[in-house]
Amino acid sequence: MNSSVIQYVEGRAIPVRGNDIDTDRIIPARYLRAITFDGLGEHAFEDDRKSNPDHPFDDPRYQGASILIANDNFGCGSSREHAPQALMRWGICAIVGESFAEIFLGNCTAMGVPCLTASTADIVKIQDAIEADPQREMAVDLKEKKMTFGDIEVDLQIAEGNRLQLIEGAWDATGMLLEGRGAVREVADKLPYVTGF
Amino acid sequence: MGQSLFHKVWDAHAVRTLPSGQTQLFIGLHLVHEVTSPQAFDMLRERGLTIAYPERTFATVDHIVPTSDVARPFADEMAEDMMVAIEENAQQFGLSFFGLDDERQGIVHVIGPELGLTQPGMTIACGDSHTSTHGAYGAIAFGIGTSQVRDVLATQCLAMDPLKVRRIEVSGTLGNGVYAKDVILNIIRNLGVKGGTGYAYEYAGSAIEAMDMEARMSVCNMSIEGGARAGYVNPDQTTYDYLQGRTYAPSGEAFDRAVSWWRSMASDADADYDDVYHLDGSALEPTVTWGITPGQALFVSEKVPALTDLPDDERDVAAEAYDYMDLKPGTAISGMPIDVAFVGSCTNSRISDLREAARVVEGHKVANSVKALVVPGSKSVLKTAESEGLHHIFEDAGFEWRGAGCSMCLAMNPDKLQGREVCASSSNRNFKGRQGSPTGRTLLMSPAMVAAAAIAGEVIDVRAM
Ligand code: SF4
Numbered sequence: 001m002n003s004s005v006i007q008y009v010e011g012r013a014i015p016v017r018g019n020d021i022d023t024d025r026i027i028p029a030r031y032l033r034a035i036t037f038d039g040l041g042e043h044a045f046e047d048d049r050k051s052n053p054d055h056p057f058d059d060p061r062y063q064g065a066s067i068l069i070a071n072d073n074f075g076c077g078s079s080r081e082h083a084p085q086a087l088m089r090w091g092i093c094a095i096v097g098e099s100f101a102e103i104f105l106g107n108c109t110a111m112g113v114p115c116l117t118a119s120t121a122d123i124v125k126i127q128d129a130i131e132a133d134p135q136r137e138m139a140v141d142l143k144e145k146k147m148t149f150g151d152i153e154v155d156l157q158i159a160e161g162n163r164l165q166l167i168e169g170a171w172d173a174t175g176m177l178l179e180g181r182g183a184v185r186e187v188a189d190k191l192p193y194v195t196g197f
Numbered sequence: 198m199g200q201s202l203f204h205k206v207w208d209a210h211a212v213r214t215l216p217s218g219q220t221q222l223f224i225g226l227h228l229v230h231e232v233t234s235p236q237a238f239d240m241l242r243e244r245g246l247t248i249a250y251p252e253r254t255f256a257t258v259d260h261i262v263p264t265s266d267v268a269r270p271f272a273d274e275m276a277e278d279m280m281v282a283i284e285e286n287a288q289q290f291g292l293s294f295f296g297l298d299d300e301r302q303g304i305v306h307v308i309g310p311e312l313g314l315t316q317p318g319m320t321i322a323c324g325d326s327h328t329s330t331h332g333a334y335g336a337i338a339f340g341i342g343t344s345q346v347r348d349v350l351a352t353q354c355l356a357m358d359p360l361k362v363r364r365i366e367v368s369g370t371l372g373n374g375v376y377a378k379d380v381i382l383n384i385i386r387n388l389g390v391k392g393g394t395g396y397a398y399e400y401a402g403s404a405i406e407a408m409d410m411e412a413r414m415s416v417c418n419m420s421i422e423g424g425a426r427a428g429y430v431n432p433d434q435t436t437y438d439y440l441q442g443r444t445y446a447p448s449g450e451a452f453d454r455a456v457s458w459w460r461s462m463a464s465d466a467d468a469d470y471d472d473v474y475h476l477d478g479s480a481l482e483p484t485v486t487w488g489i490t491p492g493q494a495l496f497v498s499e500k501v502p503a504l505t506d507l508p509d510d511e512r513d514v515a516a517e518a519y520d521y522m523d524l525k526p527g528t529a530i531s532g533m534p535i536d537v538a539f540v541g542s543c544t545n546s547r548i549s550d551l552r553e554a555a556r557v558v559e560g561h562k563v564a565n566s567v568k569a570l571v572v573p574g575s576k577s578v579l580k581t582a583e584s585e586g587l588h589h590i591f592e593d594a595g596f597e598w599r600g601a602g603c604s605m606c607l608a609m610n611p612d613k614l615q616g617r618e619v620c621a622s623s624s625n626r627n628f629k630g631r632q633g634s635p636t637g638r639t640l641l642m643s644p645a646m647v648a649a650a651a652i653a654g655e656v657i658d659v660r661a662m
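From first to last, the protein sequence lines are chains A and B. According to our numbering, the first sequence is numbered sequentially starting from 1. According to our numbering, the second sequence is numbered sequentially starting from 198.
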């Protein structure tokens, strides 16, 4: 099997509660002053962590977790890929939330980090259950679009295009897009602004 | 049934359906800046890829550029590294680059239109969420992340799903002291910060049609604050008049042929929309945000809402905002003291914004307690403003007059809030920590309202000045 195939993610989970958590909060802009993504992991949520000593990213119980459980409109704001890069480098391999901002979701998918959604009630139930039992492993199944945690099973949603990209290992789009080279030229040559009107 | 501009542009740029069911979409114009691109160029090098259509990518520097001292090397070594990286990448890959010593340098979303690069009927991508700005010209323009920057560089294409289209009709005439900024803040307030998720916004109606291109850009710019990845205005005579004579716009007979193609790309009168929303432009007042999301906005005459005034799903964020902003429900926003006044950013740093702010400022002095700065969006805006003497008006009043760049819109250059400072800002995001201090507070408003607040030392209705 192609090593980029992502059908199933298993690991401990970490709840980060709150609606409209923007990418400036996920990674403050000062850490964008760099020419690589190296070292971003340790600065994930830095300002939120400073103002809230109980932030889950600092909570010993959640160290080593790999599935982030978020609420509504997670990742809104700036398009910076540094935000999902920081989460991934902290250890996050999949995110389940009530909803995601679009650019953030696109960035995650392009990095091979699946983002799936569940109903508000299910997310809250799962967040409560994780807090009660942080050592328990969770499973996110992209083929069946389900998440299980102990005896809780929750239906997940994900856009079919993104799901196929992930489960078929085609989330890194460059290769696929390159294959269409000839067809791209044809489309370009039909655009008046490309040919100079 | 006719088609909307969105679907016409999408169809003209669709290369093929990918195995995932997504569309391979050709990107007509790719803009690049120093923050989201270095890793993308590295990925190209690692994979031995070249740039597919180098003539369709243009690069500039804006985010990290200091606005007072641009002597090289920069005092900030990391900023200097980023500068060197984009200079070398542009050179190595053969891209047009408007660097610090180029007259065409400025905020990427200000210079694209100014140079005539941005044109109707195009698809435009940039590693920046405010790429939606370019939609003002009738282009489908959206922000992407760094991995997608790599895709566009290597293939001039993106793998995407189409968006739905919501037509937003702003009827009536905007009152005195009410601007494009107030229109978009109210759209976001009413439809919510995620109301636009999955949509492109088509802005229409008499209030939009009456706007000049710069005002339309301010509206489209903040589409993303409403959750819409793209926002656009159908091209019309105002658009064509703006483009005529610009460096990269077609000229002579080609311009006439271009206009007929541009016209053909506008939404048909009987186009089908996924949703339609109406806003009465005549009923709007100057608007100010009070909280930590751009949707937490008020008319300047209103008071900070109580939790019970808000829908259930907005209460948690409102509670967080009272706390962060140190504001109590029921407090009038008018009269809130400010420490800093910032006129700038890709939302409001064009010449018309500076003229409006200068009109308010002329003959007044900035309040003693306020630090005020004006940062033109591009070198070209700066030059025009100076030729009109606007810099004297600002400096005489006590504003600092700076060089072009993103400045205090975000915390990547020396312009930052300190501690708990409150900033009246013409930018687009009032997120926690956005302006460089983890506890700094931002009130978004129009440039005229920022100017008025600078003079009064507090939020004030610009119509009372
Ligand atoms: S002015 Fe602000 S929002 Fe606009 S591109 Fe610069 S940093 Fe981004």
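From the three backbone atoms N, C-alpha and C, an ideal C-beta is built for every residue, glycine too. Bear in mind that the values here come from a model prediction, so they are computed numbers and not experimental data.
Should residue i be labelled buried (16 or more other beta-carbon atoms within 10 Å of its own) or exposed?
i: His589 of chain B; result: exposed
i: Asn107 of chain A; result: buried
i: Gly324 of chain B; result: buried
i: Thr394 of chain B; result: buried
i: Asp298 of chain B; result: exposed
i: Ser234 of chain B; result: buried
i: Thr264 of chain B; result: buried
i: Met198 of chain B; result: exposed
i: Gln316 of chain B; result: buried
i: His475 of chain B; result: exposed
i: Arg617 of chain B; result: exposed
List, in chain order, every chain A residue whose beta-carbon is nearer than 7 Å to that of residue i.
i: Lys361 of chain B; result: In chain order: nothing, as chain A lies at least about 12 Å away.
i: His210 of chain B; result: Val187
i: Val390 of chain B; result: Asp20, Asn73 and Cys76
i: Ser217 of chain B; result: Gly161, Leu164, Gln165 and Ala170
For residue i, which residues in chain B fall below 8 Å Cβ to Cβ?
i: Gly150 of chain A; result: By Cβ distance, chain B contributes nothing, its closest Cβ being about 27 Å from Gly150 of chain A, past 8 Å.
i: Pro28 of chain A; result: Ala608, Gly630 and Pro635
i: Val184 of chain A; result: Val212, Gln221, Phe223, Ala249, Thr352, Gln353 and Cys354
i: Met88 of chain A; result: In chain order: nothing, as chain B lies at least about 12 Å away.
Can you round the beta-carbon distance between residue i and residue j to whole angstroms, since I take them to be within the 8 Å contact cut?
i: Leu382 of chain B; j: Ala494 of chain B; result: 5 Å
i: Ala468 of chain B; j: Phe339 of chain B; result: Not really, about 20 Å apart at Cβ, beyond 8 Å.
i: Gly342 of chain B; j: Ala110 of chain A; result: 6 Å
i: Val567 of chain B; j: Leu551 of chain B; result: Actually they do not touch by this definition, with Cβ atoms about 18 Å apart.
i: Ser415 of chain B; j: Phe539 of chain B; result: Contact doesn't hold; Cβ gap of about 15 Å is too wide.
i: Lys525 of chain B; j: Val497 of chain B; result: Not confirmed; about 18 Å, so no contact.
i: Glu597 of chain B; j: Ala569 of chain B; result: 7 Å
i: Gly169 of chain A; j: Ser4 of chain A; result: 4 Å
Do you know how far the Cα of residue j is from the Cα of residue i?
i: Met1 of chain A; j: Leu164 of chain A; result: Any reading at Met1 of chain A must be qualified, since the residue scores a pLDDT of 49, below 50, and its modelled position is unreliable; the value itself is stated next. Near 15 Å, if we compare the C-alpha coordinates of Leu164 of chain A and Met1 of chain A.
i: Ser99 of chain A; j: Leu355 of chain B; result: 23 Å
i: Ser368 of chain B; j: Trp207 of chain B; result: 27 Å
i: Pro114 of chain A; j: Ala159 of chain A; result: 11 Å
i: Val390 of chain B; j: Gly424 of chain B; result: 5 Å
i: Met533 of chain B; j: Val557 of chain B; result: 19 Å
i: Leu504 of chain B; j: His210 of chain B; result: 46 Å
i: Gly196 of chain A; j: Arg454 of chain B; result: 10 Å
i: Val184 of chain A; j: Thr352 of chain B; result: 8 Å
i: Arg25 of chain A; j: Arg49 of chain A; result: 10 Å
i: Lys145 of chain A; j: Glu153 of chain A; result: 11 Å
i: Val346 of chain B; j: Arg80 of chain A; result: 11 Å
i: Ser201 of chain B; j: Asn431 of chain B; result: 9 Å
i: Glu311 of chain B; j: Pro192 of chain A; result: 21 Å
i: Gly541 of chain B; j: Ala139 of chain A; result: 47 Å
i: Asn19 of chain A; j: Arg242 of chain B; result: 38 Å
Starting from residue i, follow its DSSP beta bridges and name the residues at the other end.
i: Val537 of chain B; result: B:Lys568 and B:Cys620
i: Ala494 of chain B; result: B:Thr486
i: Pro15 of chain A; result: A:Ile69
i: Asp477 of chain B; result: B:Ser368
i: His227 of chain B; result: B:Thr254 and B:Ala322
i: Glu42 of chain A; result: According to DSSP, which records beta bridges pairwise, Glu42 of chain A is partnered with nothing at all.
i: Ala211 of chain B; result: B:Leu222
i: Val430 of chain B; result: B:Tyr400
So residue i contacts chain A; which residues on that side make the cut at Cβ distance below 9 Å?
i: Gly324 of chain B; result: Ser79, Arg80 and Glu81
i: Gly424 of chain B; result: Asn73, Cys76, Ala101 and Glu102
Can you list the residues of chain B that residue i reaches, using a CB-CB cut of under 9 Å?
i: Ser15 of chain A; result: In the sequence as displayed, the identity of residue 15 of chain A is Pro instead of Ser. Result: empty, since nearest Cβ-Cβ is about 14 Å, beyond 9 Å.
Which chain A residues are close to residue i, counting only those with a beta carbon under 8 Å from its beta carbon?
i: Ala282 of chain B; result: Ile35
Whose Cβ in chain B lies nearer than 7 Å to the Cβ of residue i?
i: Phe57 of chain A; result: Within 7 Å Cβ-Cβ: nothing; Phe57 of chain A doesn't reach chain B, min ~15 Å.
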